[in-house]
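Peer 1: Here's a structure for you.
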Amino acid sequence: MKKIFFAFLLFLSIISAQSGDAGKFVDQAYALLNKSDYKAAEKLIFKAFRVSEVEKDDYNKIRSIKLLGTLYYNYRELEASISFYKLSLGMVEKLFSPPYNTKIELEVYNIKNNLAIALMESDRRAAYAGKLSEAEKLFGEVLDYYEKSGDRSGYLSVLLNLGILYRLDAVSDPDHPEYTQKLSDALTILLKANDLAKKEGNNVIRENILFNLGISYQTANKLDSAAKFVEESITSYKASGNKYWEAIASLRLGYLYLEMSSSEEGNDYRKKGIILLRDNLGIIEEYRSKFEDERGRAVFLDNLTYYYVLLINELYEEGDYESMFDLAEMVKSRSFVDMLSTKASGVEEDLPDDLKKVMIRKSEIEAVFRDSLWLYFEDAESGRFFSLMDEYSKLYSEKEELQPDLNLLVSEQPVKLKDFQKLVDDKTAVVEFFIGRNAFYTFLVTNNSISVVQSKQSPRTIDSLVTKILTDINLFPNKRGAFIELQKILNRNDDTLDSAKLARMWYESDADRSLQLALFQLYKTILGDKQDKELQKFERVIIIPHGFLHEMPFAALVSSFQNLDMSKKHHIARPTYWIEEKEILTLPSASSLPFLLKAGGEDDGSILIVGNPIYPSKKFDPLPFAEKEANEITRHFEKSKTLLLINEVATETRIKQEAEKYDILHFATHGIYEEDALKSHLLMTKTEGDDGYLRASEIFKMKLNSNLVVLSACLSGRVGAFGGQKYLTTDDLTGLTRALLYAGAANVMGTLWTVDDRSTGYMMEHFYEKYRDEKRPLLFSMRDAQISVLNDSTNRDWSHPFYWAPFILIGSPGK
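Per our numbering: the sequence shown = residues 1 to 815.
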């Protein structure tokens, strides 16, 4: 299935001679949006809203809210866009009485058109199941209105959008018997729109029609026609000065040329395609840097990564592994690297206190805009919405007065291969993964070499295997209980049946022998034979995951057939796991390493320990083993350098105050992973000032000097995308671990799933014995602690990966 990237037309009717200044500002903002100058447009939109309040101009107040929908649409924050459009429609109903005059009526249908577009694109994945009816209904209403009112530009814009909708409906099910007819309908509508736009001299709409005709012909595999229309759209975008869409269309043309490379002129097409992709991805990088926050940059780039993947595929065919690596780093975790660079620059710390307060509150309201505007849909909430808009407008104005054109997010260039290799020592190999739409690549980087292997399996197949492994691991704790209950039923007449006998029966059963085969299969699938042979030379492996691999416990992989346990001596198969062969460290990206090497502070032997707080909600059970763990850890540190916070004194407020003073932070508490990963949190004791939920979003604002943060808490190592998305292709993920790294920690130990508190306490005791008492290196100590759990003879179930493999260390190999 072809990648769908298209130019909807967010048609905004402009009625001249607006009364007062608010209308002028709205018109100017619209013009800036058309030029993709989003930052300047945003300033004018909020200026228009403020002025409309002063002038009591309800009409332009609604238009400014609508333009926010368009702004957030262009930021790719589609749910926010939908909310702003719905709110603006609601405001029309609240502030104006029907029948509406022509001006208001035109605005209503304009908003409906834009709402339909945002709905259609936000539900693109759902649309593939045929859920396009709401958007189609809205488009039908708007098309009828524009036709009756004689608004030719509006009519053309909706024809374009309907053509896109029908194409989406077609590609939602390529195997549907009406697929060809639906695609033909889409082309018929777009060709009609093109003829009308050409006849009427409407080049603004026509350039978007041309681009979408190209995409539709490409979908129909009519590549020559597709190229002709895309080339024509590029000429038009260039003539109108729309550099952003000129670059987007040029990327599409590069994609087309690569598809046409199987023709007689194939090599020429391929060369031209590669040049177009290279040149225009550079232009996209410039636009990316204009976003003021990490979420905006991540979401913006995520919509364009397919073109990066196309170029990476071509570079692999050419054997240009160095350029592949450099390009992969341009895509992966870029916003997080920008954040680390910003932190290192000190730009945030140098801000005046009054500006810091403004920026904090401004960010809080932006979070509402993005994630929870639906709370204001009810008529009764309109006053609160206007108050929020008014507050944000004033904050925006205040920020501009205090420091105009402030950009708090530095744009950092990704690390180049040769510079990265200088940071890798002789004992370390780096395994970096890159998952494209149809290809899975594994990079093996040492300080003097690089190799790249493309897996023979598709990303979807590998994802399914990882899912199976994780499911098997997480279900293991339930197996013993289910087994024992079953044996009680089957042996209910056995008078000798007691807990000891049930335990013997369990240890003599086939509790888990198949998991090792899946772990071996995954290893062989994602690492080629040559890479495996090369890896045998190294003591340490740094893993840089991508996509679904962030959930994978690499320590549990089985690297060779000889390492499998075929003996059936144990109730749980006991292969030789990868952790028994290598030290394993995780990095967010190669480009993050230069910053993490400089993180942390002096190793002064100090530690802050949090154990079993009084949880802010009764739904969380106390963790007595966590409290025991916290107390036992104190034995490894000098009393004068230890701050132990247990039960009621383990407050969120105290932790925020004290954390930056300590070399090690250890949290033995509940950890909660949220799909919107910025909301993931550690549970503490609440106070009047803090609610007891130490969220990732709050940790980002803290300042740490720690060489190590240990999160002895469930799911604390999990990461996710902004706004509750599963993963972005850009791999710009967030969560507790990345928040702590950003705050200044050099290393973070976290967990990938819900951990067993007894085995965790045992592991932590062994870890600190090695790390503090014996002064062994951090990575060595963690590996040794995991192996100690794995080999514990008293608790034979602990040999299963569930008990020792969830722990991952993310950070710097030099710390």
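Built from N, CA and C at the ideal position, the CB exists for glycine as well.
Short of 7 Å in beta carbon distance, which residues of its chain neighbour residue 531, apart from the five on each side in sequence? Order them along the chain.
Peer 2: Within the sequence shown, the letter at position 531 stands for residue 531. Contacts found: 442, 444, 451, 453.
Peer 1: Can you tell me whether residue 471 is buried or exposed, with buried defined as 16 or more other CB within 10 angstroms of its CB?
Peer 2: On the sequence shown, residue 471 is found 471 positions in, with the first residue counted as 1. Flag for residue 471 reads exposed.
Peer 1: In this structure, what does DSSP give as the bridge partners for residue 451?
Peer 2: Translated into positions along the sequence shown, residue 451 becomes position 451. 444, per the DSSP bridge assignment.
Peer 1: Could you tell me which of 196, 165, 198, 172 sits nearest to residue 185, measuring between CA atoms?
Peer 2: Working through the sequence shown from its first residue, we reach residue 185 at position 185. Minimum Cα distance to residue 185 is reached at 165.
Peer 1: Measure from the alpha carbon of residue 763 to the alpha carbon of each residue in 675, 390, 807, then state which is nearest.
Peer 2: The count along the sequence shown starts at 1 and reaches residue 763 at position 763. Minimum Cα distance to residue 763 is reached at 807.
Peer 1: Determine the extent of the alpha helix (DSSP H) in which residue 801 is found, giving its start and end residues.
Peer 2: Here residue 801 refers to the residue found at position 801 when the sequence shown is read from its first residue. Note, residue 801: alpha helix (DSSP H), 801-804.
Peer 1: What does the alpha-carbon distance come out to for the pair residue 432 and residue 509?
Peer 2: The residue labelled residue 432 in the question sits at position 432 within the sequence shown. The residue labelled residue 509 in the question sits at position 509 within the sequence shown. Residue 432 and residue 509: Cα-Cα distance of roughly 39 Å.
Peer 1: Starting from the Cα of residue 813, find the closest Cα among 610, 198, 588 and give me that residue.
Peer 2: Here the question's residue 813 lines up with position 813 in the sequence shown. When only C-alpha atoms are compared, the closest one is 588.
Peer 1: Suppose contacts are defined by Cβ-Cβ distances below 7 Å. Is residue 216 in contact with residue 167 by that definition?
Peer 2: Translated into the one-based positions of the sequence shown, residue 216 becomes position 216. Translated into the one-based positions of the sequence shown, residue 167 becomes position 167. Yes.
Peer 1: What does residue 705 pair with, by DSSP beta-bridge criteria?
Peer 2: If you number the sequence shown from 1, residue 705 lands on position 705. Partner(s): none; residue 705 has no beta bridge.
Peer 1: Which two residues bound the contiguous beta strand (DSSP E) that contains residue 429?
Peer 2: Residue mapping note: residue 429 aligns to position 429 of the sequence shown, counting from 1. Here the beta strand (DSSP E) through residue 429 covers 428-435.
Peer 1: Considering only residues of the same chain and omitting the five flanking positions on each side of residue 81, which have a CB-CB separation below 6 Å?
Peer 2: Numbered from its first residue, the sequence shown carries residue 81 at position 81. Cβ neighbours of residue 81 beyond the five flanking positions: 69, 72, 73, 118.
Peer 1: Would a C-beta distance cut-off of 7 Å place residue 809 and residue 597 closer than the cut-off?
Peer 2: Residue numbering aside, residue 809 sits at position 809 when the sequence shown is read from its first letter. Residue numbering aside, residue 597 sits at position 597 when the sequence shown is read from its first letter. The answer is no: Cβ separation not under 7 Å.
Peer 1: Residue 624 and residue 650 look like a contact to me (Cβ under 8 Å); what is the Cβ gap, rounded to whole Å?
Peer 2: On the sequence shown, position 624 is the one that residue 624 refers to. On the sequence shown, position 650 is the one that residue 650 refers to. Not a contact, Cβ separation roughly 14 Å.
Peer 1: Expressed to the nearest angstrom, what Euclidean distance is found between the alpha-carbon atoms of residue 96 and residue 57?
Peer 2: Start at 1 with the first residue of the sequence shown, and residue 96 comes out as number 96. Start at 1 with the first residue of the sequence shown, and residue 57 comes out as number 57. Their Cα atoms are separated by approximately 12 Å.
Peer 1: Name the one or two DSSP bridge partners that residue 544 has.
Peer 2: Position 544 of the sequence shown, counted from the start, is the residue given in the question as residue 544. Per DSSP, 432.
Peer 1: Quick one, which of 332, 631, 45 has its alpha-carbon nearest residue 31's?
Peer 2: Within the sequence shown, the letter at position 31 stands for residue 31. The candidate whose alpha carbon is nearest that of residue 31 is 45.
Peer 1: Mind checking if residue 210 is an interface residue toward chain D, Cβ cutoff 7 Å exclusive?
Peer 2: Protein chain content of the structure displayed is limited to a single chain, and chain D is not contained in it.
Peer 1: Enumerate in chain order the residues of its own chain whose CB-to-CB distance from residue 13 is below 8 Å, with the five nearest sequence positions on each side excluded.
Peer 2: If you number the sequence shown from 1, residue 13 lands on position 13. Residue placement at residue 13 is poorly supported in this model, since its pLDDT is 47, which falls under 50; the coordinates are not used for a value here.
Peer 1: Please return the same chain residues whose Cβ sits closer than 6 Å to the Cβ of residue 330, not counting the five positions on each side in sequence.
Peer 2: To locate residue 330, count along the sequence shown from 1; it is residue 330. So the qualifying residues of the chain are 414.
Peer 1: Give me the Cβ distance between residue 572 and residue 455, rounded to the nearest whole Å; I'm assuming they're in contact under 8 Å.
Peer 2: Counted from its first residue, the sequence shown places residue 572 at position 572. Counted from its first residue, the sequence shown places residue 455 at position 455. About 29 Å; that fails the 8 Å criterion.
Peer 1: Would you mind sorting residue 374 into buried or exposed? The rule is 16 or more other CB atoms within 10 Å of its CB.
Peer 2: Position 374 of the sequence shown, counted from the first residue, corresponds to residue 374. Result: exposed.
Peer 1: Measuring CB to CB, does residue 193 end up less than 7 Å from residue 160?
Peer 2: Mapped onto the sequence shown, residue 193 falls at position 193. Mapped onto the sequence shown, residue 160 falls at position 160. Yes, the pair counts as a contact, with Cβ atoms nearer than the cut-off.
Peer 1: Pair every Cβ in the region 601-609 with every Cβ in the region 747-755, then say whether three or more of these pairs are closer than 8 Å.
Peer 2: They do not touch, by the three-pair rule.
Peer 1: Between the region 654-667 and the region 699-712, are three or more C-beta pairs nearer than 8 Å?
Peer 2: Touching, yes, given that three or more Cβ pairs across the two stretches are closer than 8 Å.
Peer 1: By the 10 Å Cβ neighbour count, where 16 or more other Cβ atoms means buried, how is residue 575 classified, buried or exposed?
Peer 2: Here the question's residue 575 lines up with position 575 in the sequence shown. Buried, by the Cβ-count rule.
Peer 1: Applying the 10 Å Cβ sphere with the 16-neighbour rule, what's the burial state of residue 218?
Peer 2: On the sequence shown, residue 218 is found 218 positions in, with the first residue counted as 1. Classification for residue 218: buried.
Peer 1: As an exercise, report each continuous alpha helix (DSSP H) stretch of at least 4 residues that is fully enclosed by the region 483-516, in chain order.
Peer 2: Counting whole runs of 4 or more residues, the region 483-516 contains the alpha helix (DSSP H) stretches 499-507.
Peer 1: For residue 104, which three-state DSSP category applies?
Peer 2: As a first step, residue 104 must be located in the sequence shown, where it is residue number 104. If DSSP states are grouped into helix, strand and coil, residue 104 belongs with the helices.
Peer 1: Locate the beta strand (DSSP E) running through residue 646, then write down its first and last residues.
Peer 2: Start at 1 with the first residue of the sequence shown, and residue 646 comes out as number 646. Residue 646 -> beta strand (DSSP E) spans 642-647.
Peer 1: Please name the residue or residues paired with residue 668 in a DSSP beta bridge.
Peer 2: Here residue 668 refers to the residue found at position 668 when the sequence shown is read from its first residue. Residue 668 is bridged to 611.
Peer 1: Compute the distance between the beta-carbons of residue 735 and residue 703, then report whether it is under 7 Å.
Peer 2: On the sequence shown, position 735 is the one that residue 735 refers to. On the sequence shown, position 703 is the one that residue 703 refers to. Cβ atoms of residue 735 and residue 703: not closer than 7 Å.
Peer 1: Comparing alpha-carbon positions, which option in 480, 687, 639, 641 lies nearest residue 797?
Peer 2: The sequence position of residue 797 within the sequence shown is 797, counting from 1. Nearest of 480, 687, 639, 641 to residue 797, Cα basis: 480.
Peer 1: Comparing alpha-carbon positions, which option in 416, 776, 698, 772 lies nearest residue 741?
Peer 2: Taking the sequence shown and counting its residues from 1, the one referred to as residue 741 is at position 741. Comparing Cα positions, the closest option is 698.
Peer 1: Tell me residue 807's beta-bridge partners as DSSP assigns them.
Peer 2: Within the sequence shown, the letter at position 807 stands for residue 807. Its beta-bridge partners are 751.
Peer 1: Could you tell me the alpha carbon to alpha carbon distance between residue 321 and residue 771, rounded to whole angstroms?
Peer 2: Within the sequence shown, numbered from 1, the residue matching residue 321 stands at position 321. Within the sequence shown, numbered from 1, the residue matching residue 771 stands at position 771. Their backbone Cα atoms lie some 38 Å apart in a straight line.
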